[in-house]
Amino acid sequence: MKVAFLDLKAAYLEIKDELDAAYQRVIESGRYILDRELQAFEEEFAAYCDANYCIGVGNGLDALHLILRGYGIGAGDEVIVPSHTFIATWLAVSYAGATPVPVEPDERTYNINSDLIEPAVTPRTKAIIAVHLYGQPADMDRISTVTKKYGIKVIEDAAQAHGAAYKNRKVGSLADAAAFSFYPAKNLGAYGDGGAVTTNDGGLADKIRRLRNYGSSAKYLHDSQGLNSRLDELQAAQLRVKLRHLDAWNRRREQLAGYYLQALAGTREELLLPYVLAWAKPVWHLFVVQHPSRTLIQKQLDQAGIFTSIHYPIPPHLQQSYGCLGYREGDFPIAERLAKRALSLPIGPHLSVEGAEYITSKLISALS
Ligand SMILES: *Cc1c(COP(=O)(O)O)cnc(C)c1O
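When you line the sequence shown up against the numbering used here, it's residues 267 to 634, in that order.
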């Protein structure tokens, strides 16, 4: 038996007719950029997130970067980021010209530890990017008690959390603004790159709408030095179709996660399972376990035909690209420990129950 980490082709085949029709509709329309499909998707996705505005952009990194630019955050400013995240969270800050200031995660939920935020605040701190990592929402109320005190903007990195909820409120409307990615492997994935910003801040939405299109308010009128970062009509049309299936597909992920949690509950305590807080409704973008012998276990699963992954093997502060910040091994021990111990098991709407059973049986024998 072979088990893929994520089967994107099966996702396509399940709704092939709808996707093909949407694709054809766009090609035949002769309209490919900033047109009716994007406008419709923006309305539908804003409604889905309970947000007033949605602006489709080129990718998730740009979505984060454009929020920072829209708020005028740049050189000389600091932005608090998790030490444990995908590097794009940090890159967006650097790209805006500001400095990422890392804060360690809670080791059980993997999300930023809200107790450690206040000590990281300085007079230069302008924003915090809270990542809903692996699909579980960050503790937004506790974050906002700190940010309100200091007048700091809160930005959600919701690239892994389409449809997740915090205290019954959807991610994407929990803070000043939120960034989404529609990279193909995300819970809501396009057939290429894509991203979006959601916000209730009308002024910010207007700025980002211009910034994504050469800083242009009307054709050939440029009021800021913007970029070209637009969600194209083909991607928007595919995403409109997939948005209608998102809740059902997230439910399948939830069922698989429930199965994993139950089937692995009795295993030795060295295997640490993901921890879900009572107020969180995660969407299980990833199912990440921890084990001191991660590499050995991964190898044994690989030999059984099970493809796992590691999110992420090197934390941003130890990447060559961030050598400029001068961090060393030992500076963020929790992120470093997670990088050594984390293992992502296959999960996705097209993983079968038999596949999941095969994975848990092989994992349990690898542990013994
Ligand atoms: C995928 C991802 C991004 C970046 O999205 P792209 O569309 O690949 O640019 C940002 N943050 C997190 C947490 C992600 O997982």
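Think of the CB as a built atom: it goes at the ideal place given N, C-alpha and C, for glycine as much as any other residue.
Sub-7 Å separation of residue i and residue j beta-carbons
{"i": "I339", "j": "A393", "result": "yes"}
{"i": "A546", "j": "P403", "result": "yes"}
{"i": "V412", "j": "A443", "result": "no"}
{"i": "G324", "j": "S495", "result": "yes"}
{"i": "P366", "j": "F598", "result": "no"}
{"i": "I346", "j": "S380", "result": "no"}
{"i": "H428", "j": "N466", "result": "no"}
{"i": "I625", "j": "I572", "result": "yes"}
{"i": "Q504", "j": "A451", "result": "no"}
{"i": "Y319", "j": "A329", "result": "no"}
{"i": "P615", "j": "R518", "result": "yes"}
{"i": "A317", "j": "G438", "result": "yes"}
{"i": "K628", "j": "A570", "result": "yes"}
{"i": "Q528", "j": "A608", "result": "no"}
Assumed close pair residue i, residue j - CB separation to whole angstroms, cut-off 8 Å
{"i": "S447", "j": "G458", "result": "About 12 Å separates the two Cβ atoms, so there is no contact after all."}
{"i": "P548", "j": "G401", "result": "5 Å"}
{"i": "L500", "j": "Y289", "result": "7 Å"}
{"i": "T574", "j": "F271", "result": "7 Å"}
{"i": "E344", "j": "R390", "result": "4 Å"}
{"i": "I333", "j": "A445", "result": "6 Å"}
{"i": "S610", "j": "V554", "result": "5 Å"}
{"i": "L522", "j": "L617", "result": "6 Å"}
{"i": "E308", "j": "I321", "result": "7 Å"}
Distance cut-off 6 Å: residue i Cβ against heavy atoms of ligand 1
{"i": "Y376", "result": "no"}
{"i": "G461", "result": "yes"}
{"i": "T365", "result": "no"}
{"i": "Y400", "result": "no"}
{"i": "G326", "result": "yes"}
{"i": "Q426", "result": "yes"}
{"i": "Y457", "result": "no"}
{"i": "A430", "result": "no"}
{"i": "V397", "result": "yes"}
{"i": "S634", "result": "no"}
{"i": "S610", "result": "no"}
{"i": "D498", "result": "no"}
{"i": "T355", "result": "yes"}
{"i": "S447", "result": "yes"}
{"i": "D642", "result": "The requested residue 642 is not part of the displayed model; the chain covers only 267 to 634."}
{"i": "F352", "result": "yes"}
Residue i CB to nearest heavy atom of ligand 3 below 6 Å
{"i": "Y578", "result": "The model depicted lacks ligand 3 and carries ligand 1 instead."}
Exposure of residue i, with buried meaning 16 or more beta-carbon neighbours within 10 Å
{"i": "M267", "result": "exposed"}
{"i": "P385", "result": "exposed"}
{"i": "T388", "result": "exposed"}
{"i": "Y432", "result": "buried"}
{"i": "H583", "result": "buried"}
{"i": "C315", "result": "buried"}
{"i": "R478", "result": "buried"}
{"i": "R259", "result": "Only positions 267 to 634 of the chain appear in the structure, and residue 259 is not among them; the question remains open."}
{"i": "H488", "result": "exposed"}
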